[in-house]
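What the sequence shown shows, in our numbering, is residues 12 to 248, in sequence order.
Have a look at the structure below, then the notes.
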Amino acid sequence: MLIIASNFKTNHTRKSTKEFILKTNSFIKENNIKNEVLIFPTSSSLDSFSCEKNLNIGVQNAFSAIKGSYTGEIGLEQIEEFGLKTILIGHSERREIFKESQEDISKKFNFYKEQGFKIIYCIGEPLEIKNQGLDKTLDYLFAQFEGIDTSYENLILAYEPIWAIGTGVTATVEDIKNIHEAIKSKIDKALLYGGSVKLENIKEICSLKSVDGALIGTASWDVDDFIQILEKTKDLK
Ligand code: PEP
């Protein structure tokens with residue numbers, strides 16, 4: 012079974028999110044899709060959607076608090092209102108643009124772990140680190156597990172090289188294999204690949220033994236493309 016996840020980032024409105032989810036849900040039902048499908052809408056588009064068992068809605072980000080004075084953030088109370096229990100943590104855009112430190116991220120991780128959330132935990136290296144070779148890249152990636160309980164039962168990992176996110180440049184199959192095998196030799200968890208996954212390469216990437224699915228941004232925002240992605244990956248594992 013694969014895990015196919017769509018990260019909306021700051022895209023789609025409340026209305027188009029609902030249409031996207033309803034259409035995806037019907038497709039899953041009518042086409043007997045067995046893979047696990049995750050959709051991460053913007054926080055303004057969260058709702059209680061009634062979906063097939065293998066379609067889950069998650070939050071892209073939340074603060075590590077039940078509620079309180081954290082202007083601009085949502086907390087557990089706002090997520091639980093919709094019965095949601097899935098969160099993305101450590102995405103490179105949170106690390107790079109919003110300057111979340113490893114300490115912030117591990118606090119967030121521990122808070123949502125305590126709440127029993129399914130956590131999709133992202134790691135990834137910038138180009139200047141990749142260019143220093145595999146050993147340096149792995150050192151950089153493993154440092155992103157500091158303060159993270161990698162034995163947590165509801166943990167899914169996502170390897171997302173920063174230079175491949177939203178750039179159209181996908182990591183080579185060789186790159187993905189090397190990194191995924193190294194991570195999997197140390198951490199026994201489902202491991203997704205993310206970074207310019209698209210209709211043309213999803214099959215090849217998800218066919219790799221060490222790849223348990225994909226976290227997709229840009230190429231997943233058009234619902235017809237996303238549905239095709241689900242179709243293409245339907246019988247892979
Ligand atoms: C992402 O942001 O998680 C991602 C993988 O984006 P894209 O598919 O656009 O590279």
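Positions of the beta carbon are idealized from the N, C-alpha and C atoms, including for glycine.
- Counted as a single uninterrupted DSSP element, the beta strand (DSSP E) harbouring C133 occupies residues K129 to I134.
- By the CB criterion at 8 Å, G101 and I134 fall inside the cutoff.
- In this structure, the ligand PEP has a non-hydrogen atom nearer than 7 Å to the beta-carbon of T229.
- I238 has its Cβ no nearer than 7 Å to any heavy atom of the ligand PEP.
- Take F122, set aside five residues on each side of it, and the residues of its chain with a beta-carbon closer than 6 Å to its own are S75, in chain order.
- The beta-carbon separation of I176 and G206, rounded to 5 Å, stays under the 8 Å limit for a contact.
- Put simply, the backbone Cα of N72 is about 28 Å away from that of K40.
- Boundaries of the alpha helix (DSSP H) around I240: V234 to T244.
- Here T97 carries a strand assignment [DSSP, helix/strand/coil].
- With 16 or more other Cβ atoms from the protein chains shown falling within 10 Å of its own Cβ, Y170 counts as buried.
- Distances from the CB of V208 to the heavy atoms of the ligand PEP include at least one below 7 Å.
- Under the three-pair Cβ rule at 8 Å, the segment 187–199 does not count as touching the segment 228–240.
- Shown here, E192 sits in a helix according to DSSP, grouped into three states.
- When beta bridges are read from the DSSP output, A73 appears opposite no residue.
- Boundaries of the alpha helix (DSSP H) around F38: R25 to E41.
- Boundaries of the alpha helix (DSSP H) harbouring Y151: L145 to A154, taken from the DSSP string.
- In the displayed model, F51 falls within a strand according to three-state DSSP.
- Between the ligand PEP and L203, a heavy atom-to-CB distance of less than 7 Å is absent.
- Nearest in C-alpha terms to L57, of all of K64, T28, L49 and K45, is T28.
- CA-to-CA, the gap between E157 and I85 works out to about 24 Å.
- The Cβ neighbour count for F93, taken over all protein chains shown within 10 Å, is under 16; the residue is labelled exposed.
- Burial state of L138 is exposed, judged by a 10 Å Cβ sphere holding fewer than 16 other Cβ atoms.
- Beyond the five residues adjoining it in sequence on each side, T161 comes within less than 6 Å, by CB distance, of I198 in the same chain, given in chain order.
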